[in-house]
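Numbering (the numbering used here), first residue to last: 68 to 245.
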Amino acid sequence: MCFLLQDNRKKTIVMKVGEIMIIQDLQYCTPETFLRDAAAIMKTAGVSALPVVDAERQVIGIVTDRDIDKLPVQKQAPERIRDIVAHKAVTVSAGDELTFALRQMRAVRIARLPVVDGEGRLEGILCIHHLLAESAGNRKVLGGLSLIAGEILKTVTMLSNKYTGHNSLARMQKKRKE
Numbered sequence: 068m069c070f071l072l073q074d075n076r077k078k079t080i081v082m083k084v085g086e087i088m089i090i091q092d093l094q095y096c097t098p099e100t101f102l103r104d105a106a107a108i109m110k111t112a113g114v115s116a117l118p119v120v121d122a123e124r125q126v127i128g129i130v131t132d133r134d135i136d137k138l139p140v141q142k143q144a145p146e147r148i149r150d151i152v153a154h155k156a157v158t159v160s161a162g163d164e165l166t167f168a169l170r171q172m173r174a175v176r177i178a179r180l181p182v183v184d185g186e187g188r189l190e191g192i193l194c195i196h197h198l199l200a201e202s203a204g205n206r207k208v209l210g211g212l213s214l215i216a217g218e219i220l221k222t223v224t225m226l227s228n229k230y231t232g233h234n235s236l237a238r239m240q241k242k243r244k245e
């Protein structure tokens, strides 16, 4: 992102995922975790998703409270995370630009991205809700984020549309053309 300084020189500010990702009290589960235990971890930690990691802590997926809640109640219902998690996690690294991570979120229509190291091991998580909360309470973060506000707005709009079925951004763009 670029902006002009007072003397008309351009200054580029690039926010990295590592500046905003959640690393403290990071919660995760394994494929062997029981669904009821994953739900309890989410409730206790106040989170709505858990990265799923293998024995080497490499990310293999992510499970959300919605994944668990939408399961049918039946005798043969899945019992463990391995029964419901898709084994294709979209991840980012701490050194990736925040704009790249936001585009990834929009591309796969998700609100959380596990952050991994060079070997794919879990380092943190980037969550759009945390990003918005941090920007509201931290001037340094808000200053950096204001430069990518368009990317954030597109991501939040896409995620909202995913759950409401509306496409207000497309309608706004169509009205502008008229």
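In this text, a Cβ means the ideal position worked out from N, Cα and C, and glycines have one as well.
- The Cβ atoms of residue 128 and residue 156 lie closer than 8 Å to each other.
- Counting along the chain, residue 166 sits inside the alpha helix (DSSP H) bounded by residues 165-175.
- Excluding the 5 residues flanking it on each side, residue 194 has same chain C-beta neighbours closer than 7 Å at 89, 178 and 179, in chain order.
- When secondary structure is reduced to three states using DSSP, residue 114 falls in the coil class, being assigned neither helix nor strand.
- No residue range can be given for residue 124, since it is assigned to no alpha helix (DSSP H) and is classified by DSSP as neither H nor E.
- Taking all protein chains shown into account, residue 175 has fewer than 16 neighbouring C-beta atoms within 10 Å of its C-beta and is therefore exposed.
- Counting other Cβ atoms within 10 Å of its Cβ, residue 99 stays below 16 and is therefore classed as exposed.
- Sorting 105, 162, 188 and 189 by C-alpha distance to the C-alpha of residue 82 places 162 at the top.
- Beyond the five residues adjoining it in sequence on each side, residue 153 comes within less than 6 Å, by CB distance, of 128 in the same chain, given in chain order.
- Spanning the alpha carbons of residue 158 and residue 182 requires a straight line of approximately 6 Å.
- When rounded, the separation of the alpha-carbon atoms in residue 113 and residue 124 is 22 Å.
- Considering only 150, 224, 85 and 110, the residue with the shortest C-alpha distance to residue 94 is 110.
- Between the alpha carbons of residue 97 and residue 105 lies a gap of roughly 9 Å.
- The C-beta distance from residue 187 to residue 126 rounds to 6 Å, short enough to fall under 8 Å.
- A distance below 6 Å between beta-carbons, with the five flanking residues on each side excluded, links residue 85 to the following residues of its chain, in chain order: 161.
- Residue 135: not part of any beta strand (DSSP E); member of the alpha helix (DSSP H) spanning 132-136, first to last residue.
- Annotated three-state conformation of residue 159 is strand, per DSSP.
- With contacts defined by Cβ atoms closer than 8 Å, residue 151 and residue 132 do not form a contacting pair.
- Residue 102 places its beta carbon less than 8 Å from that of residue 145.
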